[in-house]
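J.:
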DNA sequence: CATGAATGAGACTTCATTCAT
DNA sequence: GATGAATGAAGTCTCATTCAT
């Protein structure tokens with residue numbers, strides 16, 4: 117009867133070490149780019165042998181997936197804090213800002229959805245637990261946005277389009293904005309600026325809601 | 117007197133072979149993803165030795181750049197055909213459609229802008245001709261969209277935001293839409309559909325212009 | 117408590133394998149010339165995959181440097197054994213002989229000094245430990261020669277030139293002798309013979325010391 | 117009867133073009149180092165196709181050999197101008213200076229003798245004409261030095277050693293001096309200086325001749 | 001549990017040389 | 001004579017992954 121508890125503790129420790137490794141991997145991703153995220157480098161910086169990595173992740177792919185889920189959870193947490201039914205326009209802007217930060221951290225390197233989809237085809241043998249975690253956090257994110265679009269004050273802007281259908285539009289707008297302004301912003305003479313563009317976008321997008 | 121003609125013919129042939137190689141590279145990009153686009157594989161599928169590739173492209177980077185420019189030209193051609201000042205909303209939709217096709221073909225794998233920016237820093241020695249070609253086609257594309265947004269019937273939707281500032285918003289929206297709907301669409305039970313989403317988006321985006 | 121010992125043993129083994137690889141590289145250098153010393157060939161003859169070479173040497177350059185240091189250490193050991201303050205002339209001859217052997221083994225292919233200088237510029241990231249080893253053994257070698265030239269019985273031959281300035285002259289003479297006699301000696305009908313030439317050289321060089 | 121003249125002219129032209137190519141190769145050797153001397157690069161800079169190179173040189177090896185002979189001829193010409201029976205010591209210094217210049221130009225990259233010997237083994241099929249040219253110019257060079265050492269005023273320094281045996285000693289000294297001082301001289305804080313070292317060397321070497 | 005040596009494939013790239021045109 | 005496209009081998013190096021210890 118004591119065994120199960122032991123085992124459980126072991127599992128918890130293992131999960132913690134997993135997270136620690138993911139942290140290291142993320143730091144490398146940020147500091148040196150996607151190509152620098154190699155099993156060896158992560159292992160070394162995590163104080164492990166490269167062989168040991170395979171005790172925590174079946175694959176390099178699984179490590180990447182784990183990073184993705186981790187980051188999406190963070191994004192969800194940040195976005196949750198933005199909800200403000202009294203001022204959905206402002207909330208949208210804030211969400212956009214958090215998405216940008218997520219994008220800079222992670223999304224820049226790995227596209228969520230194409231990753232998920234592509235890998236479902238190729239690596240059908242990825243950890244199913246992790247895949248369902250991914251789906252879970254994704255749907256939570258969408259719910260967040262949908263909740264926002266369901267506030268009465270937004271209905272004007274949506275022009276009768278049901279919120280669940282407006283979600284992808286809003287999400288797409290934000291993602292597109294980030295992607296398009298980000299690389300330009302790092303130029304010497306940036307022609308666009310994220311803050312301004314997102315401001316314009318929300319103005320256009322929420323025209324009706326502004327003056328009900 | 118015949119020599120120059122000969123040489124010119126040679127050059128034309130060479131250019132054709134370049135394009136053929138780019139075609140092969142693109143096929144691989146589509147079928148197997150970005151990482152599969154290696155000099156070796158392209159060469160083999162093009163029926164060349166890997167060494168011969170360097171007769172046509174100084175670099176792997178130059179090959180990629182060549183693909184990018186090629187695709188953007190196609191996109192511009194397709195978009196140009198959509199211009200319709202009498203019905204800018206419809207034009208936007210069509211452009212979105214073409215952008216989607218471009219994105220499926222190419223943009224999915226390589227982000228234009230981040231590519232351009234990153235490489236300007238790292239590979240200052242890329243074929244300058246090609247780089248200026250890239251800049252040219254990019255600015256032409258932007259002009260197209262800007263032209264569209266400058267039609268009187270659009271001014272309502274923009275709410276006083278000058279067209280040049282609305283361009284990135286529109287572009288971002290389209291790009292975002294494509295990215296977000298595309299991978300989901302290829303799922304077994306797609307929850308979104310590109311055509312519908314872009315329809316909703318234009319409805320929201322151009323609310324004012326619809327009923328002046 | 118046993119772990120550290122284990123690790124140490126591992127390190128010793130690794131160092132031994134390094135040396136074994138250097139041995140192989142040297143054999144190739146001797147048998148087939150400098151250009152034949154490629155990572156691939158060394159690896160194959162050492163019974164390794166080319167990839168494995170990079171466990172022992174960060175670079176091809178590091179391998180070369182390792183060979184160089186190894187050989188200079190041998191040279192120094194051999195030269196040290198020649199010191200004989202009572203008969204510096206004979207000592208010089210013996211040193212010349214050892215330098216010749218070193219030269220045949222290694223120096224023929226790679227010029228110490230130009231290697232050291234060139235690489236300090238280009239590869240500032242070479243193993244610093246090894247670079248300092250190189251400098252150490254080089255200065256020890258120079259000290260040896262300088263010590264020899266500082267014996268009172270040599271002062272006559274130097275004609276007031278301080279020993280530290282005579283060092284390069286002597287060294288150069290020996291290096292030049294070796295280089296010039298060696299290739300000719302391997303001809304079918306050698307016109308010069310190292311032993312005779314070095315004999316003549318010391319006679320000329322140390323004229324005064326011979327009859328004080 | 118006219119044919120032979122034609123052919124002869126053709127041959128002269130061909131020889132001239134050969135020399136032009138050698139010139140180009142040498143420029144590359146000087147400017148960019150030995151590894152930069154590739155058939156392609158030489159061809160391009162000479163305004164030829166790479167294929168055409170093989171009309172003038174059977175091999176890359178033959179091109180190198182041609183460069184070598186060319187340079188030795190230049191060296192011989194320069195050295196010839198130094199002969200001064202009244203002041204052989206000064207003449208030796210000047211010869212050393214010219215050897216240094218030759219060395220910087222060419223010898224630095226390719227060792228005469230080891231080249232000659234090695235290639236006689238490996239490439240027995242090198243142009244025999246050229247090989248005999250090489251031998252000829254080499255022996256002329258040795259004669260020059262030998263002539264210098266045969267002047268009466270030198271006999272003291274040689275201590276009875278016949279001039280033909282002193283030749284390699286002197287040559288070796290010079291070659292060694294150049295090799296040893298040159299790389300150090302390009303350091304930031306050069307410890308040796310060619311002019312000074314050669315001065316010291318001649319002082320030691322010609323002790324007797326200075327004060328008969 | 002953990003190590004790290006080793007593999008084997010593959011990445012990009014350059015080169016001397018040949019040969020159809 | 002001359003071209004330049006093409007080859008094939010070789011170069012250095014990195015990586016995910018496995019396995020004896």
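Residue numbers (this note's numbering), protein chains in the order written: chain A, 117 to 328; chain B, 117 to 328; chain C, 117 to 328; chain D, 117 to 328.
The C-beta atom is built at its ideal place from N, Cα and C for all residues, glycine as well.
(1) Distance, Cα to Cα, residue 325(D) vs residue 272(D)?
(2) Since residue 316(D) meets chain C, which of its residues come closer than 7 Å, beta carbon to beta carbon?
(3) Please return the same chain residues whose Cβ sits closer than 6 Å to the Cβ of residue 239(A), not counting the five positions on each side in sequence.
(4) Would you mind sorting residue 320(C) into buried or exposed? The rule is 16 or more other CB atoms within 10 Å of its CB.
(5) For residue 217(D), report the span of its alpha helix (DSSP H) as first-last.
(6) Which stretch, first to last residue, makes up the alpha helix (DSSP H) that contains residue 310(C)?
(7) Among 268(C), 294(C), 122(C), 212(C), which has the Cα closest to the Cα of residue 225(C)?
(8) At a Cβ threshold of 7 Å, is residue 138(D) touching chain C?
(9) Where does residue 258(A) sit, in a helix, a strand or coil, going by DSSP?
(10) Residues of chain C with CB under 7 Å from residue 215(D), in chain order?
(11) Please list the terminal residues of the continuous alpha helix (DSSP H) segment that includes residue 108(C).
(12) Flag this pair as yes or no: are the beta carbons of residue 290(C) and residue 215(C) separated by less than 7 Å?
(13) Let me know if residue 187(A) comes out buried or exposed under the rule of 16 or more other beta-carbons within 10 Å of its beta-carbon.
(14) Sorted by chain position, which residues of the same chain lie with C-beta nearer than 8 Å to residue 243(C)'s C-beta, five sequence neighbours on each side aside?
(15) Can you pull the chain C residues whose beta carbon is under 7 Å from the beta carbon of residue 308(D), in chain order?
(16) What in chain A is Cβ-close to residue 319(B), meaning under 7 Å?
(17) Mind checking residue 219(D): buried by the 16 CB within 10 Å criterion, or exposed?
(18) Along the region 143 to 170 of chain A, where does the CB come closer than 8 Å to a CB of chain B? Name the residues.
(19) Report the residue from 264(D), 130(D), 159(D) whose alpha carbon sits nearest the alpha carbon of residue 212(D).
(20) Which residues of chain A have a Cβ atom closer than 9 Å to the Cβ of residue 263(B), listed in chain order?
(21) Of all the CB atoms in chain D, is at least one closer than 7 Å to the CB of residue 208(C)?
(22) Quick check on DSSP: helix, strand or coil for residue 275(B)?
(23) If I measure Cβ to Cβ from residue 317(C) and keep anything under 7 Å in the same chain, skipping five residues before and after, which residues do I get?
(24) If you run the structure through DSSP and keep just helix, strand and coil, what is residue 293(A)?
(25) Comparing the C-beta of residue 313(A) with each C-beta of chain B, is any distance below 7 Å?
(26) Which residue wins for smallest C-alpha separation from residue 259(C), given the options 322(C), 287(C), 227(C)?
(27) What does the alpha-carbon distance come out to for the pair residue 198(D) and residue 185(D)?
(28) For residue 269(A), which three-state DSSP category applies?
(29) On the premise that residue 266(C) lies in contact with residue 279(C), defined as a C-beta separation below 8 Å, what is that separation, rounded to the nearest angstrom?
(30) Is the beta carbon of residue 142(D) closer than 7 Å to that of residue 183(D)?
(31) Going by alpha carbons, who is nearest to residue 145(C) out of 131(C), 255(C), 221(C)?
(32) Can you check whether the C-beta of residue 293(B) is within less than 7 Å of a C-beta belonging to chain A?
(33) Residue 192(B) and residue 257(B): beta carbons closer than 7 Å?
(34) When the cut-off is 7 Å and only beta carbons count, does residue 288(C) lie next to chain D?
(35) So, is residue 152(C) buried or exposed, given that buried needs 16 or more other C-beta atoms within 10 angstroms?
(36) Please report the distance separating the alpha-carbon of residue 314(C) from that of residue 206(C).
T.: The relevant details are as follows:
(1) With a pLDDT of only 43 at residue 325(D), under 50, the local geometry of the prediction cannot be trusted, and the value read off the model is given with reservation. Looking at the two C-alpha atoms, the distance is approximately 5 Å.
(2) 277, 281, 282, 285
(3) Low confidence applies here, because residue 239(A) scores a pLDDT of 48, under 50, leaving its location unreliable and the question unanswered by this model.
(4) buried
(5) 204 to 218
(6) 310 to 321
(7) 294(C)
(8) no
(9) helix
(10) In chain order: nothing, as chain C lies at least about 10 Å away.
(11) In this structure chain C extends from 117 to 328, so residue 108(C) is not present and cannot be described.
(12) yes
(13) buried
(14) 174, 178, 181
(15) 284
(16) 275, 277
(17) buried
(18) none
(19) 264(D)
(20) Per Cβ cutoff of 9 Å: no residues; residue 263(B) is ~17 Å from chain A at best.
(21) no
(22) coil
(23) 289, 293
(24) helix
(25) yes
(26) 287(C)
(27) 20 Å
(28) helix
(29) 5 Å
(30) yes
(31) 221(C)
(32) yes
(33) yes
(34) yes
(35) exposed
(36) 11 Å
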